[in-house]
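To start, the structure itself, in structure tokens.
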Amino acid sequence: MDQQTNQLYPVFVFVNRHIIITGACNNLLLGIFGGEMLAGVWEKEQRNETQRSTENIPSM
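Position 9, counted from 1, in the sequence shown is what UniProt numbering calls 9; the numbers after and before it change by one each time, with no gaps.
Structure follows, in structure tokens:
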């Protein structure tokens with residue numbers, strides 16, 4: 001039982017490390033793309049806000 005566990009342990013560690021590394025890379029990519037998308041949405045919102053404020057000024 002112990003010998004079998006000892007043989008499987010390095011494989012488990014390797015797989016675990018691989019999952020952690022790929023997960024970190026995916027999170028990094030998601031963070032970059034998500035950040036760009038959020039920035040784009042935020043810019044649109046800001047543009048809409050400035051349009052609204054300029055539209056509201058003459059009516060006042």
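Positions of the beta carbon are idealized from the N, C-alpha and C atoms, including for glycine. Every value quoted in this text rests on a predicted model; they were computed, and no experiment measured them.
Could you tell me the distance, in whole angstroms, from the CA atom of residue i to the CA atom of residue j?
i: Y9; j: I21; result: 18 Å
i: T13; j: Q46; result: Checking the sequence, you will find Val at residue 13 rather than Thr. Taking the straight line joining both Cα atoms gives about 48 Å.
i: T54; j: A24; result: 44 Å
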